[in-house]
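Colleague: Following this message is one structure expressed as structure tokens.
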Amino acid sequence: MKKSLGIKRKFTPFGAGKAGGLSRPASIPRLHSVTKGSTASTPTPATSAPSAKPTTTPTPVVKKVAPARPLHSVNMSNPPRPASGSRPATTASSAVADAPSRYYRCFHTKLSNKKHKIWEDGIAAVRGSAVELLNTEGKSLARATGYSVSSLATLCEGATLTVNRKELEFGQEIPAEQFTSGSIFLHEAKGGPIAPLQRVTSKKNAFKSHSDHLIAQGLVTENDLRTALVPRNDPNADDAFVLHRPPEGADPCENVPVVVDGWLASRLRPHQKVGVQFLYDRVVKDGAGCILADAMGLGKTITTITLLWTLLKQNPRSAAPFVRRAIIVVPSSLTKNWDKEITKWLGSERLRPLVICDQGKAECRRIINEYATPNAKRPVLIISYDQFRVFSKEFAALRITTNLMVCDEGHRLKNKSTALTKALEALPCTHRVILTGTPIQNDLDEFFSLLSFVAPRLFGDMSPAGFSRTYTIPIMQSRERDAKREQKEIGQSRAAKLAELTDAYVLRRTSATNNEFLPPKTETTVLLKLTPVQEQLYEHVLTSKELISSLSSGNGGAVALEMVTALRKVCNAPVLAAAEGTPSHELFLQAGVEPDVLQRDDASAKICMVKQLLTEARNVDDRVVIVSSSTQCLDLLDRVCSEQSWPTARLDGSTGANKRQNLVDNFNRGGPMSFVFLLSTRAGGVGLNLVGANRLILFDLDWNPANDLQALARVWRDGQKKPVFIYRLLCTGTIEEKMFQRQLAKMALSTLMMGEDGQPATSAGASSSSSSNVSTFSRAELRDIFTYGGNQTLCDTHDLLGCDCTSSHIEGAPTRKKFQAKAQAKAEQLDAILGSMTHSAEAKATGDNVLAAAVARVPGLATFFLSSMENQPSIDENDMDELIL
1 MKKSLGIKRK
11 FTPFGAGKAG
21 GLSRPASIPR
31 LHSVTKGSTA
41 STPTPATSAP
51 SAKPTTTPTP
61 VVKKVAPARP
71 LHSVNMSNPP
81 RPASGSRPAT
91 TASSAVADAP
101 SRYYRCFHTK
111 LSNKKHKIWE
121 DGIAAVRGSA
131 VELLNTEGKS
141 LARATGYSVS
151 SLATLCEGAT
161 LTVNRKELEF
171 GQEIPAEQFT
181 SGSIFLHEAK
191 GGPIAPLQRV
201 TSKKNAFKSH
211 SDHLIAQGLV
221 TENDLRTALV
231 PRNDPNADDA
241 FVLHRPPEGA
251 DPCENVPVVV
261 DGWLASRLRP
271 HQKVGVQFLY
281 DRVVKDGAGC
291 ILADAMGLGK
301 TITTITLLWT
311 LLKQNPRSAA
321 PFVRRAIIVV
331 PSSLTKNWDK
341 EITKWLGSER
351 LRPLVICDQG
361 KAECRRIINE
371 YATPNAKRPV
381 LIISYDQFRV
391 FSKEFAALRI
401 TTNLMVCDEG
411 HRLKNKSTAL
421 TKALEALPCT
431 HRVILTGTPI
441 QNDLDEFFSL
451 LSFVAPRLFG
461 DMSPAGFSRT
471 YTIPIMQSRE
481 RDAKREQKEI
491 GQSRAAKLAE
501 LTDAYVLRRT
511 SATNNEFLPP
521 KTETTVLLKL
531 TPVQEQLYEH
541 VLTSKELISS
551 LSSGNGGAVA
561 LEMVTALRKV
571 CNAPVLAAAE
581 GTPSHELFLQ
591 AGVEPDVLQR
601 DDASAKICMV
611 KQLLTEARNV
621 DDRVVIVSSS
631 TQCLDLLDRV
641 CSEQSWPTAR
651 LDGSTGANKR
661 QNLVDNFNRG
671 GPMSFVFLLS
681 TRAGGVGLNL
691 VGANRLILFD
701 LDWNPANDLQ
711 ALARVWRDGQ
721 KKPVFIYRLL
731 CTGTIEEKMF
741 QRQLAKMALS
751 TLMMGEDGQP
761 ATSAGASSSS
771 SSNVSTFSRA
781 ELRDIFTYGG
791 NQTLCDTHDL
801 LGCDCTSSHI
811 EGAPTRKKFQ
821 AKAQAKAEQL
831 DAILGSMTHS
841 AEAKATGDNV
851 LAAAVARVPG
861 LATFFLSSME
871 NQPSIDENDM
881 DELIL
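Under UniProt numbering, residues 1 to 885 are what the sequence shown spells out, in order.
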């Protein structure tokens with residue numbers, strides 16, 4: 001921000017009494033660093049006339065210079081020293097450490113001999129003997145150390161200082177709380193991107209009613225024609241769900257109760273009513289938007305439909321509806337599901353939304369034109385994200401405006417720079433609502449993108465980079481094991497401030513809210529030992545010349561990414577890793593494994609376990625969903641099921657949007673042809689209701705835990721009648737465990753920031769990372785990823801916990817010193833998620849008879865189990881078998 005009192009000005013020499021509008025005593029000296037070869041001396045006043053030494057503020061040790069001479073930079077190789085024979089400044093490490101940090105507003109400019117300099121606003125942070133200059137968004141511009149602590153203690157308004165090649169002029173001191181909380185970096189927004197609704201007709205040509213003419217002629221007044229507003233429903237009924245009740249004494253012509261239709265309110269659960277009230281308060285009372293971040297399965301859809309219908313029919317301050325036109329933007333797999341849900345809850349006679357799915361371009365344009373018609377009979381449009389991006393120009397050309405935009409699975413808007421986010425922001429809309437079960441996926445920067453979409457003025461004019469510097473990085477650093485005391489204090493204060501800012505705009509309830517309406521759920525992470533073939537191929541990758549060279553040089557990001565992909569394929573099935581046409585084909589040819597061996601099902605630990613789980617599930621008449629992020633894996637699983645004559649259905653990216661809902665409905669209806677549902681993590685892992693199955697197998701992991709969490713929630717939701725069992729398959733000591741550990745760290749960040757069940761968080765933490773780009777790992781992290789510990793442990797993740805409930809270390813295996821240090825650093829983050837789980841090397845400890853029977857079929861394959869149970873009844877262990885079966 002340029003200095004408001006003149007961008008260009010002649011720099012007033014120190015001692016003139018006033019510089020750029022900052023009042024200061026003429027006797028305050030200019031503080032300088034001492035350059036190499038110079039000595040410090042007691043300063044003389046900078047003005048020509050002598051002045052008395054201040055009695056309240058000691059004079060800093062400075063270099064004697066002419067008044068108009070430019071300031072000197074700090075020589076980092078030779079920090080300031082006291083003059084010979086003079087009283088030395090306190091420079092002991094203890095004194096520096098104990099010196100409190102202070103913060104100032106300041107002006108800064110480049111060090112130069114120019115008469116006219118451009119001054120900018122900034123923040124100066126004084127910590128011990130160091131001074132750091134930051135811009136108004138928290139970006140570090142310059143830093144120098146070695147100043148005299150006693151000299152820095154005399155800084156006051158009007159003092160000047162050189163920091164590297166920057167000239168600083170100090171302003172008022174800032175309370176430390178404003179800096180540590182980050183509030184000093186928040187500024188008023190210059191204007192949000194949400195454009196107001198435009199008037200269709202000009203005021204000049206606007207229609208005038210007979211009443212307008214009577215008023216114009218003075219025959220009646222406006223008060224004579226005013227009538228009291230009548231509520232749509234009785235707010236005093238015993239079971240009335242009142243969203244707005246006018247305050248006592250309010251004008252009945254301008255304030256009316258808003259009451260949800262009784263037939264709709266009676267179908268809402270208590271937590272859903274809280275959700276409707278939250279949405280109403282943010283949209284109507286605050287005039288902004290919000291994020292409904294309830295966990296999957298809590299009924300965000302019915303909650304939103306209730307709000308939509310109510311605002312289409314009611315308004316607290318007018319007889320006209322609050323919402324005249326609304327748009328619902330969803331993943332392509334959910335367009336028909338939303339249409340179906342609206343019909344289910346409202347009936348086709350009340351509201352028939354327009355739906356754009358995968359129709360031809362001509363039909364899509366016709367629907368958009370119908371939606372754009374003023375006072376349209378069908379004021380709600382359901383459209384997929386992809387289609388909205390494609391037809392964004394049509395929306396702009398028709399100058400379509402809307403009162404309410406709902407973005408389902410809105411975590412897709414986590415990047416503000418994408419074409420999709422920009423297209424949605426360009427649509428004039430007064431209120432935006434995001435629905436997502438995973439508001440924080442990888443880091444807080446993505447959370448900022450969502451918040452700035454629904455509430456553009458929440459963070460003022462702060463940029464994404466400014467948010468990262470102010471909140472993301474300090475919070476991340478405060479969670480590090482070796483974080484300094486000041487880093488921890490700043491990180492905790494910034495986290496608390498962020499939670500305070502966002503609490504009013506985000507509502508989060510966990511699945512525990514809905515426990516009384518759902519059957520028991522058991523979720524188990526199954527650790528599997530690599531088969532001999534997999535071990536041979538895995539070790540071959542780790543010892544390859546390409547990988548070793550890449551790790552040594554530190555410049556082989558592309559090679560590292562290729563090797564990560566190869567290792568993940570080895571864990572899934574060797575036949576996928578060595579397939580012709582893949583980048584790793586030549587590499588695995590050198591391993592010397594016979595091609596026919598790779599083709600066998602028993603070459604893959606995961607395929608072996610899946611076959612046993614499906615066999616046992618078939619015996620108890622349970623149906624299964626298998627989720628994978630790889631279409632190659634789905635192809636392989638499809639072949640395995642066909643060989644066993646197990647009927648399958650499949651939904652992936654190639655499945656047409658118009659066919660997806662029919663696939664889901666047919667599977668949920670059951671029948672002899674419904675046993676296994678093969679599901680792509682990203683194409684079908686959001687919003688689908690697959691309650692026809694009560695067992696789900698997550699075949700492989702995604703770098704982004706949100707994608708896996710979405711997929712895991714497909715079977716444990718409203719409509720499920722049977723106990724649910726979820727299995728996450730990991731290969732012991734491999735890259736998959738490293739991925740799992742990173743997922744847990746990200747999940748800990750989400751839990752700590754969002755709080756639980758609507759309670760705001762007061763602290764946060766966990767390091768952020770990219771969801772897919774291996775080049776973002778440090779070299780040390782890459783070295784840790786490219787290791788194999790399957791011969792030394794039953795569960796690498798359990799070892800990290802340092803838990804003594806049971807030993808997962810293989811007896812006789814060497815102790816890993818580097819591993820022990822890493823365990824201490826990560827134990828706290830992992831314990832936040834795994835601490836309440838059951839840890840065991842025995843499958844029977846999970847209470848799942850199907851899993852125990854499957855493990856017994858292949859002894860030695862499963863090495864360890866991490867299991868959690870939700871909504872379990874309190875029963876005796878002897879009755880567990882009867883409950884599960």
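C-beta atoms are modelled at their ideal positions from N, C-alpha and C, and glycine is treated no differently.
Using alpha carbons as the reference points, say which of 128, 133, 126 and 100 lies closest to residue 109.
Modeller: Checked all of 128, 133, 126 and 100; the closest Cα to residue 109 is 133.
Colleague: Using 8 Å for Cβ pairs, my map puts residue 126 next to residue 102. What's the rounded Cβ distance?
Modeller: Indeed they touch by this definition, with Cβ atoms about 5 Å apart.
Colleague: Which of helix, strand or coil does DSSP assign to residue 301?
Modeller: Residue 301 falls in the helix class under three-state DSSP.
Colleague: Going by beta-carbon coordinates alone, are residue 886 and residue 718 separated by less than 8 Å?
Modeller: The structure shown does not extend to residue 886, since the chain is modelled only from 1 to 885, so the question has no answer here.
Colleague: For residue 724, does the three-state DSSP call read helix, strand or coil?
Modeller: It is a strand residue.
Colleague: For residue 786, name the three-state secondary structure that DSSP assigns.
Modeller: Residue 786 falls in the coil class under three-state DSSP.
Colleague: Compute the Euclidean distance between the alpha carbons of residue 668 and residue 845, then round it to the nearest angstrom.
Modeller: So the alpha carbons of these two residues sit roughly 31 Å apart.
Colleague: Do the stretch 524-542 and the stretch 472-488 touch if we need at least three Cβ pairs shorter than 8 Å?
Modeller: At 8 Å Cβ cutoff, the stretches do not touch.
Colleague: Here's the rule: buried if 16 or more other CB atoms are within 10 angstroms of the residue's CB, otherwise exposed. What is residue 626?
Modeller: Buried, because 16 or more other Cβ atoms sit within 10 Å of the Cβ of residue 626.
Colleague: Considering only residues of the same chain and omitting the five flanking positions on each side of residue 342, which have a CB-CB separation below 7 Å?
Modeller: For residue 342, where only same-chain residues beyond five positions count, the Cβ hits under 7 Å are 305, 351 and 353.
Colleague: Let me know if residue 253 comes out buried or exposed under the rule of 16 or more other beta-carbons within 10 Å of its beta-carbon.
Modeller: Exposed, because fewer than 16 other Cβ atoms sit within 10 Å of the Cβ of residue 253.
Colleague: Could you say if the stretch 256-270 and the stretch 422-434 meet the contact criterion of at least three C-beta pairs nearer than 8 Å?
Modeller: The answer is no - the stretch 422-434 does not touch the stretch 256-270, with fewer than three Cβ pairs under 8 Å.
Colleague: How long is the line joining the alpha carbons of residue 92 and residue 146, rounded to whole angstroms?
Modeller: Note on residue 92: pLDDT 47, under 50, position unreliable in the model; no value is reported.
Colleague: Distance check for residue 566 and residue 542, CA to CA, integer angstroms please.
Modeller: Rounded to whole angstroms, residue 542 to residue 566 spans 10 Å at the Cα level.
Colleague: Excluding the five sequence neighbours on either side, which residues of its own chain have a C-beta within less than 8 Å of the C-beta of residue 339, listed in chain order?
Modeller: So the list reads 353, 355 and 382, once near-sequence residues are dropped.
Colleague: Excluding five sequence neighbours on each side, which residues of the same chain lie with their C-beta closer than 7 Å to the C-beta of residue 859?
Modeller: The answer is none, since no qualifying residue turns up.
Colleague: Can you pull the DSSP bridge partners for residue 731?
Modeller: Answer is 528, bridged to residue 731.
Colleague: Would you mind stating whether residue 795 and residue 732 have Cβ atoms separated by less than 8 Å?
Modeller: Yes, these two residues count as a Cβ contact at 8 Å.
Colleague: If you follow the beta strand (DSSP E) that residue 865 is part of, which residue opens it and which one closes it?
Modeller: From DSSP, the beta strand (DSSP E) with residue 865 extends over 862-870.
Colleague: May I ask which residues mark the beginning and end of the beta strand (DSSP E) holding residue 795?
Modeller: Note, residue 795: premise wrong, no beta strand (DSSP E); not H, not E.
Colleague: Exposed or buried, residue 866, counting other C-beta atoms within 10 Å across all chains shown (16 or more means buried)?
Modeller: Buried, since its Cβ has 16 or more Cβ neighbours within 10 Å.
Colleague: Using CA coordinates, which residue listed in 494, 467, 227 and 128 is at the minimum distance from residue 177?
Modeller: For the residues 494, 467, 227 and 128, the minimum Cα distance to residue 177 belongs to 494.
Colleague: Along the alpha helix (DSSP H) that carries residue 143, what are the first and last residues, could you check?
Modeller: Looking at the DSSP string, residue 143 is not in any alpha helix (DSSP H); the run it does join, the beta strand (DSSP E), is 140-144.
Colleague: Exposed or buried, which one is residue 227 when buried takes at least 16 other CB atoms within 10 Å?
Modeller: Counting Cβ neighbours within 10 Å, residue 227 comes out exposed, since fewer than 16 surround it.
Colleague: For the beta strand (DSSP E) containing residue 117, name the first residue and the last one.
Modeller: Counting along the chain, the beta strand (DSSP E) containing residue 117 begins and ends at 116-118.
Colleague: Helix, strand or coil for residue 282, going by three-state DSSP, please let me know.
Modeller: In this structure, residue 282 counts as helix in the three-state DSSP scheme.
Colleague: Taking buried to mean at least 16 other C-beta atoms within 10 Å of its own C-beta, is residue 184 buried or exposed?
Modeller: Buried is the call here.
Colleague: On a CA-only basis, which of 674, 534 and 639 is nearest residue 791? Give me that one, please.
Modeller: Comparing Cα positions, the closest option is 534.
Colleague: Pick from 729, 373, 679 and 665: whose alpha carbon is nearest that of residue 336?
Modeller: Ranking the options by Cα distance to residue 336, first place goes to 665.
Colleague: I'd like to check one pair, residue 694 with residue 672: are the Cβ atoms closer than 8 Å?
Modeller: In this structure, residue 694 does not lie closer than 8 Å to residue 672 by Cβ.
Colleague: Skipping 5 residues on each side, what residues in its chain have a beta carbon closer than 6 Å to that of residue 437?
Modeller: For residue 437, where only same-chain residues beyond five positions count, the Cβ hits under 6 Å are 295 and 296.
Colleague: Counting beta carbon pairs with one atom in the stretch 676-690 and one in the stretch 597-607, are three or more of them shorter than 8 Å?
Modeller: Taking 8 Å as the limit for Cβ pairs, the verdict is that the stretch 676-690 does not touch the stretch 597-607.
Colleague: Is it true that the CB of residue 320 sits closer than 8 Å to the CB of residue 379?
Modeller: Cβ distance not < 8 Å, so residue 379 and residue 320 don't count as in contact.
Colleague: Which class does residue 193 belong to by DSSP, given the choice of helix, strand or coil?
Modeller: Caution is warranted here: a pLDDT of 43 is assigned to residue 193, below 50, making its placement in the model unreliable, and the coordinate value is therefore given only provisionally. Coil, per DSSP.
Colleague: Identify every residue that forms a DSSP beta bridge with residue 327.
Modeller: 381 and 405, per the DSSP bridge assignment.
Colleague: Quick check on the DSSP output: what are the complete alpha helix (DSSP H) runs of length 4 or more inside the stretch 435-506, in order along the chain?
Modeller: Here the runs fully enclosed are 444-454, 464-467, 473-478 and 485-502.
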